[in-house]
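Chains as they are written, first to last, in the numbering used here: chain A, 108 to 402; chain B, 108 to 402; chain C, 108 to 402; chain D, 108 to 402. We put the beta carbon where it would ideally sit given N, CA and C, even for glycine.
4 protein chains.
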Amino acid sequence: MADRIAGIFAPNLVPLDERGEIDEAELRRFTDWLIERGMHGLFVNGSTGEFTRFTPEERRRIVRVVCEEVNGRVPVIAGASEAHVGETVRACETYLGYGARAVAIVSPYYFKLGQETIEAYFRQIAERSPIDVVLYNIPAFASPMSLETIRRLAELPRVIGIKESSGDMGFMLRLLAAVRRDRPEFSVMTGAEAVLVPMLAMGVDGGTHSTANVVPEVMRKMYDLVRGGRLDEARDLQLRLLELLDLLIAVERPEGFRAAAEVRGFRMGKGRQPTGAMQIDVDRMRGLIEGILRA
Amino acid sequence: MADRIAGIFAPNLVPLDERGEIDEAELRRFTDWLIERGMHGLFVNGSTGEFTRFTPEERRRIVRVVCEEVNGRVPVIAGASEAHVGETVRACETYLGYGARAVAIVSPYYFKLGQETIEAYFRQIAERSPIDVVLYNIPAFASPMSLETIRRLAELPRVIGIKESSGDMGFMLRLLAAVRRDRPEFSVMTGAEAVLVPMLAMGVDGGTHSTANVVPEVMRKMYDLVRGGRLDEARDLQLRLLELLDLLIAVERPEGFRAAAEVRGFRMGKGRQPTGAMQIDVDRMRGLIEGILRA
Amino acid sequence: MADRIAGIFAPNLVPLDERGEIDEAELRRFTDWLIERGMHGLFVNGSTGEFTRFTPEERRRIVRVVCEEVNGRVPVIAGASEAHVGETVRACETYLGYGARAVAIVSPYYFKLGQETIEAYFRQIAERSPIDVVLYNIPAFASPMSLETIRRLAELPRVIGIKESSGDMGFMLRLLAAVRRDRPEFSVMTGAEAVLVPMLAMGVDGGTHSTANVVPEVMRKMYDLVRGGRLDEARDLQLRLLELLDLLIAVERPEGFRAAAEVRGFRMGKGRQPTGAMQIDVDRMRGLIEGILRA
Amino acid sequence: MADRIAGIFAPNLVPLDERGEIDEAELRRFTDWLIERGMHGLFVNGSTGEFTRFTPEERRRIVRVVCEEVNGRVPVIAGASEAHVGETVRACETYLGYGARAVAIVSPYYFKLGQETIEAYFRQIAERSPIDVVLYNIPAFASPMSLETIRRLAELPRVIGIKESSGDMGFMLRLLAAVRRDRPEFSVMTGAEAVLVPMLAMGVDGGTHSTANVVPEVMRKMYDLVRGGRLDEARDLQLRLLELLDLLIAVERPEGFRAAAEVRGFRMGKGRQPTGAMQIDVDRMRGLIEGILRA
Chain A
108 MADRIAGIFA
118 PNLVPLDERG
128 EIDEAELRRF
138 TDWLIERGMH
148 GLFVNGSTGE
158 FTRFTPEERR
168 RIVRVVCEEV
178 NGRVPVIAGA
188 SEAHVGETVR
198 ACETYLGYGA
208 RAVAIVSPYY
218 FKLGQETIEA
228 YFRQIAERSP
238 IDVVLYNIPA
248 FASPMSLETI
258 RRLAELPRVI
268 GIKESSGDMG
278 FMLRLLAAVR
288 RDRPEFSVMT
298 GAEAVLVPML
308 AMGVDGGTHS
318 TANVVPEVMR
328 KMYDLVRGGR
338 LDEARDLQLR
348 LLELLDLLIA
358 VERPEGFRAA
368 AEVRGFRMGK
378 GRQPTGAMQI
388 DVDRMRGLIE
398 GILRA
Chain B
108 MADRIAGIFA
118 PNLVPLDERG
128 EIDEAELRRF
138 TDWLIERGMH
148 GLFVNGSTGE
158 FTRFTPEERR
168 RIVRVVCEEV
178 NGRVPVIAGA
188 SEAHVGETVR
198 ACETYLGYGA
208 RAVAIVSPYY
218 FKLGQETIEA
228 YFRQIAERSP
238 IDVVLYNIPA
248 FASPMSLETI
258 RRLAELPRVI
268 GIKESSGDMG
278 FMLRLLAAVR
288 RDRPEFSVMT
298 GAEAVLVPML
308 AMGVDGGTHS
318 TANVVPEVMR
328 KMYDLVRGGR
338 LDEARDLQLR
348 LLELLDLLIA
358 VERPEGFRAA
368 AEVRGFRMGK
378 GRQPTGAMQI
388 DVDRMRGLIE
398 GILRA
Chain C
108 MADRIAGIFA
118 PNLVPLDERG
128 EIDEAELRRF
138 TDWLIERGMH
148 GLFVNGSTGE
158 FTRFTPEERR
168 RIVRVVCEEV
178 NGRVPVIAGA
188 SEAHVGETVR
198 ACETYLGYGA
208 RAVAIVSPYY
218 FKLGQETIEA
228 YFRQIAERSP
238 IDVVLYNIPA
248 FASPMSLETI
258 RRLAELPRVI
268 GIKESSGDMG
278 FMLRLLAAVR
288 RDRPEFSVMT
298 GAEAVLVPML
308 AMGVDGGTHS
318 TANVVPEVMR
328 KMYDLVRGGR
338 LDEARDLQLR
348 LLELLDLLIA
358 VERPEGFRAA
368 AEVRGFRMGK
378 GRQPTGAMQI
388 DVDRMRGLIE
398 GILRA
Chain D
108 MADRIAGIFA
118 PNLVPLDERG
128 EIDEAELRRF
138 TDWLIERGMH
148 GLFVNGSTGE
158 FTRFTPEERR
168 RIVRVVCEEV
178 NGRVPVIAGA
188 SEAHVGETVR
198 ACETYLGYGA
208 RAVAIVSPYY
218 FKLGQETIEA
228 YFRQIAERSP
238 IDVVLYNIPA
248 FASPMSLETI
258 RRLAELPRVI
268 GIKESSGDMG
278 FMLRLLAAVR
288 RDRPEFSVMT
298 GAEAVLVPML
308 AMGVDGGTHS
318 TANVVPEVMR
328 KMYDLVRGGR
338 LDEARDLQLR
348 LLELLDLLIA
358 VERPEGFRAA
368 AEVRGFRMGK
378 GRQPTGAMQI
388 DVDRMRGLIE
398 GILRA
């Protein structure tokens, strides 16, 4: 059986060229850099990867390019949510062929659905997918999954973990209590870097964080510090990270992260979502990044 | 210049066959029936039409089939929201070719965006679309549009109206006050059948309602009664409609409407979203439908 | 049996003197003015009357003074919510003695309570109160009451009506449908002046509105116009009123209303809640008031 | 200067006799027990103490009785929110005389107020209070305080700390970052026992928790374990506590806590809020309490 999902995964941004098309060369260069800076894995077609703003063909291409470039060095989790179960299962099959470790399926969005429907949806996909499935709970954008729904889905052999992005520590603790007893190999990853250190201290397996596109070294260090029992140092980094994060999310997602990845030396290009005139303080961003890298 | 959008539009359901594919023949038969029962127009690829659960190619096919079948008898508004502005503009071009009267663009969803970004998004589409644009505000599912954003977008010649589905009467009155003065030809359609009669009485141009898939005759009658000054009769129908509506929305959208269209004689098939075991009381549904048709 | 509650009630502001104490003389003068300007009744100790910002003794004094001044000319509804059921019942007894027509009891606030508890609370009060009870549902501030809870409470002989301040037209229509059939004498008053005209057009008995402290003549006229079948004229007034209302609620409640009552010639004094530096545009307020009075 | 507020405080329940009046003898016995079981302090007239359901006189009596009984053994924080600033300041004066260490003032409730108004309110009280003030932020029930508002109020010498009951770990970390730098002696107490251990691990000074009425020994032990660097043991207790907590909050607050305090041997009596028929599983409650006491 494949390894447990754990550690810090980067939900990678997608560089675009001047025509707004995927910049494949830069995506490969960015992928290498993330691995070199310590990422335990990549999470492709996540929210930060703006999966909703690419066509189905583009989503496949992004997964293919990243899997090729990663070439087995670290596990790749590929977002595979498509228009309906049939299309999603076809994406699962494709991503297995590309070498992904698992797919991530976001809870249904647009319509706000009830728990039985959410469960039926994941259950159908899990039963038909030839590749392991990671649940993706992000209540800010998609139908919230209840503890009981997650617990029941965690009984399915194909469902190996969850990316839980509510950021709600009480929910996370209840989730750990619910799954650790009956399915200890189930992986619990948080999507909320604002509370990464306490989440790790309380027992989550790792995290998948937008800021890993900006300061992957720091995210990795926070993980290593907590695992090494050096909570005080981890807490200081956490507070510094919050200051950077709050700057990055002060503009429309994920434009702040795109701008910050440019600061780190990548040509991200203009995002696909037209935005109003955004005030991004690049100098302050640069200062915070440099400060946290030195900390 | 083309006629103003007004009256009752049906946001048509999409019949599916036993394999879950679009049942084109039944879609044509359903389209005819809606027109024969008095619909002033059709609204294709709306929320009730489950546009998010079809692929881009399927969305195009649905618009093509409906436009062909309508064949100019009534105006067709085609939902044209795609993954990004470029794809959306291409859909606009296609739907113009199919003979649609206008496209509808839903406010960005998944990410919850700010007003400047929402405005920039619609502005880019309006500037590049070769076909008239209807704004689609549905705060339950997509980024809410503010009054000021709508007012500013209503200044664009290409933006001819709005489908406003908040159901908030105070918001609607403020909207009417804001646009009637500066752009009297701008069309304001409500998406909230729960309050259709008071909305019409207060001055909206019409509505686009899921229940028009079930009792198009009744929706048309409510419109005609208010226009004819027979508010008391309209109010009685409104209260009866609420009872039916509450039954239809007691299950996941739009399964109740699909089941009710079956009661009216159409093979809608199983919806694309897997659901838990739903309790649909078809007998009560039939009784309420028959009752309101006789009222 | 006493008359049905109907028409426009003013939830009167409480004038304060320079020491922040109740200005009894001005309260009497204000009460007279409200009646002279056409109010069908007064609603004392409502939200606009800031009942939470007065002590139990002050609340009693306010009711006593208003009842004395009204002296039977119009019905007075007195807010009687106190710390617990026993205290509330004692206030009910007191207000009966003062000559109030009914008491209003707000749904429990601070703690957000479930429907069974809300029902139990009102039921205990209704069983022990010697004076008729009006339910007061204001979900923005207090535990929301469900339709079913209201419907069940409307079965109690002592419960003669509701002040429903959600402003949700769909909720109101369902409420009318629920109570009109089984308890036609139950009075349904809206608290939402933003939608007064459509609410009246759809069948509510009247309203209790903060703006009645500012333009009682206009609120009365809106009521009379709808009752007289002159919906078009009522709609114009409604839109004008919205513009004034939006100015009045642009600052902390009910400071805008207090400032506007000063424009009408009353010494309201400084409110009890310390506020930040508020921008109240008194000139614009005066202009809107004069405009709507002339309309 | 007095000691910093830190450790676990019990927001004590108020025992009632069969007539629904304060049972002073039992309140004294309960107070002693809480201190004997390790509480670092008491928090009187908190939400769990149902301060809104007592009259102003009763609130004073509760503080007097507890202060007398405590007799200086541990600090007492007394909830002093009254109808308006003047009354609140009078309560502050009274509670200073009773020997309270500080008062707690809840953010304004019922009306949802803006940040400037919230700040002005606390500022007026802090300027006039003769006793130290603890801010009380509980967004579920009262106007939410922003980080910036708290940071600015923390500059006032009279404002010595906050009870922060949002339970939002990200908010808490930002709060710690904001106040630790400029006002290190400012005390940050969490009200959310669901996340007590991670909060303590991240640097809060302590907590004020409803469950301290039920298992004060356990709450104290959780505190001591985190302070002693034994995070793993603390985490196990935290998960066990969650199971108990979820049972206690499955019914209307604070009835579950009252029932559980009865299990611990106190006559709490029937609460002041009439409730529907509640299902309290006392046997399961007893089992969970005994289990966590043995853990």
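Backbone CA spacing between residue i and residue j [nearest angstrom]
i, j, result
"A:Ala384", "B:Ala207", "33 Å"
"B:Leu346", "A:Pro381", "43 Å"
"A:Val151", "A:Leu141", "12 Å"
"B:Pro53", "B:Thr155", "Outside the shown range of chain B (108 to 402) lies residue 53 of chain B, about which nothing can therefore be said."
"A:Leu344", "A:Ser294", "24 Å"
"A:Arg180", "A:Ile115", "14 Å"
"A:Gly398", "A:Glu271", "29 Å"
"A:Gly193", "A:Thr256", "22 Å"
Cβ-heavy atom distance, residue i to the ligand FMN, below 7 Å
i, result
"C:Ala233", "This structure simply doesn't include the ligand FMN, nor any ligand for that matter."
DSSP three-state assignment for residue i, whether helix, strand or coil
i, result
"B:Ser317", "helix"
"C:Ile112", "coil"
"C:Leu203", "helix"
"C:Val266", "strand"
"B:Gly193", "helix"
"D:Glu125", "coil"
"B:Glu226", "helix"
"D:Tyr330", "helix"
Assigned exposure category for residue i - 16 Cβ within 10 Å defines buried
i, result
"C:Asp289", "exposed"
"B:Asn244", "buried"
"B:Glu189", "buried"
"B:Met108", "Only weak support exists for where B:Met108 lies, its pLDDT of 46 falling under 50; the value from the coordinates is given anyway. Under this definition B:Met108 is an exposed residue."
"D:Leu164", "A small fix is needed here, since residue 164 of chain D is Glu in this sequence, not Leu. It counts as exposed."
"C:Glu292", "exposed"
"C:Ala357", "exposed"
"B:Arg405", "The structure shown does not extend to residue 405 of chain B, since chain B is modelled only from 108 to 402, so the question has no answer here."
"D:Ala132", "exposed"
Range of the contiguous alpha helix (DSSP H) that encloses residue i
i, result
"A:Leu242", "It is not in any alpha helix (DSSP H) - A:Leu242 instead sits in the beta strand (DSSP E) that spans 240-244."
"A:Leu338", "338-355"
"A:Gly398", "389-401"
"A:Gly363", "362-370"
"A:Ala308", "303-309"
"D:Val177", "163-177"
For residue i, the first and last residue of its enclosing beta strand (DSSP E)
i, result
"C:Val295", "294-297"
"A:Phe150", "148-151"
"B:Glu143", "Not the beta strand (DSSP E): B:Glu143 falls in the alpha helix (DSSP H), residues 131-143."
"A:Gly274", "It is not in any beta strand (DSSP E) - A:Gly274 carries neither H nor E in the DSSP assignment."
"D:Gly186", "183-186"
"B:Val210", "209-213"
Contact check, residue i vs residue j, beta carbons under 8 Å
i, j, result
"C:Met279", "C:Pro122", "no"
"A:Val170", "A:Tyr216", "no"
"C:Arg281", "C:Leu254", "yes"
"B:Ile112", "B:Pro182", "yes"
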